[in-house]
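Just so it is clear: in the sequence shown, position 64 is 65 by the numbering used here, and no numbers are missing.
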Amino acid sequence: MSGVVAAGNPLTAEAAALILRAGGNAVDAATAGAAACFAAEPLLASAGGAGIMLVREPGRAPVAIDFFSAVPGLGAGTVDPAGLDFEAIEVDFGSAVQTFHVGRGAAAAPTMFEGLATAARRFGSLPLTTLMAPAVGLARDGIVLDLLTARTFSLLWEILRRDPACLEEIAHGLPTHRPPRVGERLYNPNLADTLESFAVLGGPPPALLDGLSAEFGLGQGGLIQPADLDPKVQICAPHRFRLGAWEVSTSPRLGGRLVGVIARALEVHSGTPSRESSEAGLVRAQALASRGGHLARVELPPAGHRGSTTQVSVVDGAGGAASVTLTSGEGCGHVVSGTGVHINNFLGEEDLNPAGFHGHLAGAALPTMIAPTIAVHDSGRVVALGSGGSNRIRSVVALVIHAIAVEGRGIEAAVEAPRVHGEDRSVWVELADRVAPHAIDRFLRGTFTQVHGFADRDFFFGGVHVAERGSDGRLAGIGDARRGGAAIVIA
């Protein structure tokens with residue numbers, strides 16, 4: 002089938018494109034691309050994580066497939082947090098430092114396999130064995146590390162090095178005393194076996210489920226119990242809002258609602274005459290809209306999610322669309338032995354735990370900032386997009402969809418535009434290609450106590466990957482260079 006794929010890595014995009022060439026639809030391609038991320042983008046997504054997929058069948062309103070994790074510990078009773086394997090690690094992004102908490106006590110039961118199986122079964126057209134084949138090949142044959150993947154290993158090295166067994170599986174055959182380097186080949190044969198088993202069974206392999214219970218339970222400093230390993234995948238209505246002539250559908254969880262808050266605030270500013278018409282004034286308005294989304298978290302509980310994420314966007318020639326955002330946080334630093342699956346650290350993310358760690362009730366839905374999005378114009382034009390980028394997701398998705406829907410920019414210009422993210426008294430801003438960066442800095446300091454300027458477009462601001470089918474059937478896509486993105490059009 003004809004279509005377009007935009008994703009965070011050329012190998013991921015090619016895996017999804019292979020499925021379109023084989024006759025698959027947008028959901029087939031997105032499912033295959035999502036699985037390929039586990040091998041091609043090993044620290045930005047994992048089979049040990051979770052996600053949300055937005056799906057639009059041709060001519061129908063979009064729906065959400067919500068397969069995000071719940072709080073573990075069902076049936077465990079009261080647990081003393083002091084007895085958990087739980088450690089703080091600082092990650093230095095250069096212009097910003099974030100603290101993450103890792104260890105087995107930071108892990109929630111993953112739901113990735115259940116979500117992808119639901120998507121393929123309910124909305125796909127090809128067998129799961131076909132959809133998993135590209136990912137199996139990448140894991141077994143290995144990938145050559147590019148600059149972005151090598152940088153990500155370096156960023157998260159303090160997490161990964163705490164357990165040599167983790168490195169031995171996800172970076173099989175490479176030295177464990179230093180981060181992998183550009184040009185080295187990364188294998189994960191155990192992950193290949195796990196994916197093959199999943200493809201045949203249509204659900205999580207027994208080795209993964211048994212390992213989660215045995216290695217991430219109370220006896221090992223974790224919280225995962227057998228009762229946590231039966232997650233409920235929901236097919237539900239997305240969060241919807243109108244933006245100009247566009248109907249925007251996004252995540253039903255907090256991230257999607259905050260995208261709506263920020264995008265509508267940007268729209269109001271665009272339609273209101275203002276003395277702040279200079280470049281610096283417009284950047285300040287974007288920062289204030291972003292900060293408004295940050296502050297709205299307390300009005301739209303529960304809180305959001307920080308973490309490593311990635312995105313696959315697909316629109317097929319029939320007008321079907323799929324947008325899937327995947328996350329495993331930064332990973333907890335441990336794999337399930339013999340599976341090649343690095344498990345998430347959702348319980349160690351500050352934004353998920355605003356009242357303190359391990360305060361959620363077992364079984365409660367974990368919040369997430371991820372915001373896969375599908376926007377449909379009144380003319381029939383369809384755009385699928387989303388982003389990785391931790392708590393910046395809400396800002397960057399809102400900025401891009403506003404640029405497309407309100408400013409009328411093409412998808413390439415919308416993605417490449419410099420970005421802004423505001424929180425409380427701090428703001429982060431890309432200064433590349435600004436006319437007057439010093440004026441922007443001065444203007445922002447009139448409102449924000451801390452201004453973190455980035456000289457170039459940066460990994461920190463996520464990767465918005467966009468696939469588009471025009472009202473005339475024209476296909477186009479762009480992968481965000483901030484995170485090594487790539488787009489492929491299948492005519």
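Positions of the beta carbon are idealized from the N, C-alpha and C atoms, including for glycine.
Query: Own chain, CB closer than 6 Å to Val-5, minus 5 neighbours either side, in chain order; Result: Val-316, Ala-468, Leu-476, Gly-478 and Val-490
Query: Start and end residues, beta strand (DSSP E) containing Gly-423; Result: 421-424
Query: Where Ala-456 falls, given that 16 or more other Cβ within 10 Å makes a residue buried; Result: exposed
Query: Host alpha helix (DSSP H) of Ser-271 (start-end); Result: 255-271
Query: Residue interval of the beta strand (DSSP E) (run including Ser-309); Result: 309-317
Query: Gly-447 burial status per 10 Å Cβ neighbour count (16 or more: buried); Result: exposed
Query: Every unbroken alpha helix (DSSP H) within the region 418-469, with a cutoff of 4 residues, ordered by chain; Result: 438-446
Query: Test item: CB-CB of Gly-390 and Gly-9 under 7 Å; Result: no
Query: Helix, strand or coil at His-306 [DSSP, three-state]; Result: With a pLDDT of 41 at His-306, under the threshold of 50, the modelled position of this residue cannot be trusted, and the question is left open.
Query: Cα-Cα separation between Arg-265 and Ala-399, rounded to whole angstroms; Result: 9 Å
Query: Cβ neighbour criterion (16 or more within 10 Å) applied to Pro-1; Result: Past the boundaries of the shown model lies residue 1; the chain is included only from 2 to 492, so the question cannot be answered.
Query: Distance, Ala-238 Cα to Asp-67 Cα; Result: 10 Å
Query: Length of the line joining the Cα atoms of Ile-171 and Arg-152; Result: 16 Å
Query: Val-490: first and last residue of the uninterrupted beta strand (DSSP E) it sits in; Result: 487-491
Query: Under 7 Å between C-beta atoms of Leu-85 and Gln-226; Result: no
Query: Simplified DSSP state of Gly-49, which is helix, strand or coil; Result: strand
Query: CA nearest to the CA of Pro-480, picked from Thr-450, Val-416, Asp-425 and Ser-472; Result: It is worth fixing the name first, because residue 480 is Gly in this sequence and not Pro. Looking at the Cα atoms, Val-416 is the closest of the given residues.
Query: Arg-57, DSSP secondary structure in three states; Result: strand
Query: Test item: CB-CB of Val-464 and Arg-484 under 7 Å; Result: It is worth fixing the name first, because residue 464 is Gly in this sequence and not Val. Contact: yes.
Query: Cutoff 6 Å; reference Gln-99; Cβ partners in own chain excluding five residues on either side; Result: Val-92
Query: Option in Pro-43, Phe-39, His-422 and Asp-442 with minimal Cα separation from Val-260; Result: His-422
Query: Closest by C-alpha distance to Ile-53, when choosing among Val-80, Thr-112, Ala-33 and Cys-38; Result: Thr-112
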